[in-house]
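Visitor: Handing you a structure now.
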Amino acid sequence: MTRRLHIDWTACDGRGTCTELLAEVLVEDDWGFPLARDGSPRPAVPAGLEAAARQAVDRCPLLALRLVQD
Ligand code: SF4
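Read in order, the letters of the sequence shown correspond to residues 1023 to 1092 in my numbering.
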């Protein structure tokens, strides 16, 4: 199974905490909103980055991030 990051765009306000914590997976767009580096709407989390992804989920101030599995 692949772990993926789900971003709730209705909740995210683009402050960029997640892009700082998970820079290997996410990059900020021009307005500070997170975009997947791989262009996916639900970017895959590499095995070695699961702890960082969990930290990004836990620290999102608006609960806009979730980890999901394929
Ligand atoms: S930490 Fe949450 S609110 Fe902030 S940019 Fe990331 S998803 Fe959006």
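All C-beta atoms, glycine included, are put in the ideal place defined by N, C-alpha and C. Every value quoted in this text rests on a predicted model; they were computed, and no experiment measured them.
For a quick check, are the C-beta atoms of L1027 and A1073 less than 8 Å apart?
Guide: No, the Cβ-Cβ distance between L1027 and A1073 is not below 8 Å.
Visitor: Just to confirm my understanding: we take R1059, look at its own chain, exclude 5 residues before and 5 after, and list those with CB closer than 8 Å. What are they?
Guide: Taken in chain order, the residues that qualify are E1046, V1047, L1048, V1049 and P1065.
Visitor: For R1088, does the three-state DSSP call read helix, strand or coil?
Guide: Correct three-state label for R1088: strand.
Visitor: Less than 8 Å between the C-beta atoms of C1034 and L1084, yes or no?
Guide: In this structure, L1084 lies closer than 8 Å to C1034 by Cβ.
Visitor: Check whether the Cβ of R1037 sits closer than 7 Å to any heavy atom of the ligand SF4, and report yes or no.
Guide: Checking every heavy atom of the ligand SF4 against the Cβ of R1037, one is found closer than 7 Å.
Visitor: If you run the structure through DSSP and keep just helix, strand and coil, what is V1079?
Guide: If DSSP states are grouped into helix, strand and coil, V1079 belongs with the helices.
Visitor: In chain order, what are the residue ranges of uninterrupted beta strand (DSSP E) at least 3 long that sit wholly in the region 1041 to 1079?
Guide: List check, beta strand (DSSP E) in window: 1048 to 1050 and 1056 to 1058.
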